Each structure stands twice: as C-alpha cells, then as structure tokens.
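As structure tokens, the structure follows; a few thoughts come after it.
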Amino acid sequence: MCFFILFSCFSLISPLAFADSQQCESVVTTKLSSITPVVNINTATSEQLSSQLKGIGKAKAAAIIEWRETNGKFSSLDDLDEVKGIGAGIIEKNKDKIVFED
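What the sequence shown shows, in my numbering, is residues 19 to 120, in sequence order.
As structure tokens, this is what we get:
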C-alpha cells in the first residue's frame, strides 16, 4: 500500500518537474540566442574581423586594418564605407555587430 502511494506521488510530481526544466531551458536558449557578439572595429585583429563579420575575408580584413593604421580610429559606419571593398551591403549585414571603442 505504501509503495502504491509513493508511486502515485512520484508519477504526479515528475511531469511537473520536467515541464519546469523544459521551460527554463527554453528561456535560457532564447536569451543566449539573442546575444549578438560584437567586434570592436578599432582593435580587432584580421582573424577576428574575418571570422566574426559576414562578408569579410582576409583581404577585406587587411584593408580595414590598413585604413585604421593610415587614418586613425573609425568613429562611425560612414568611415567604414570609405574602406576599399566595403560597401553598403556588408555594412548593413554587420551594423549590429560593430562597435567603435578605443
């Protein structure tokens, strides 16, 4: 009899515990997927630029770094538009990932 009561209690509690863990997992997954990694265009290496920005390969990453070394720090997306090979399309794809910090 005692076994039956314990079994009944566990069978009622177990689905509730599972539902809560699924809900928590869903919330965590949603929060993590909404975090967008950013690239500091003023300090990023060639590897960071080419691996974290869409449409930026080694050549365009090198052009970004060359512009930065020649002209100083980027202060806006307009500055980035001056880099050879970087156009409005690439800027649009990456505008939420780029920051302009020292």
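Glycine included, C-beta positions come from ideal geometry on N, C-alpha and C.
Since the structure is predicted, the reported quantities are computational estimates derived from the model, not experimental observations.
Alpha carbon of residue i to alpha carbon of residue j, nearest angstrom
| i | j | result |
| --- | --- | --- |
| S69 | T88 | 23 Å |
| R86 | L95 | 13 Å |
| K78 | F92 | 15 Å |
| K76 | S64 | 7 Å |
| T61 | L67 | 10 Å |
| G105 | A80 | 15 Å |
Per DSSP, the bridge partner or partners of residue i
| i | result |
| --- | --- |
| N89 | According to DSSP, which records beta bridges pairwise, N89 is partnered with nothing at all. |
| I116 | V57 |
Where residue i sits in the DSSP three-state scheme
| i | result |
| --- | --- |
| E100 | coil |
| K72 | coil |
| S94 | coil |
| A81 | helix |
| A62 | coil |
| G105 | coil |
| E110 | helix |
Under 8 Å between C-beta atoms of residue i and residue j
| i | j | result |
| --- | --- | --- |
| K115 | T54 | yes |
| V56 | L71 | no |
| I82 | F118 | no |
| I74 | I109 | no |
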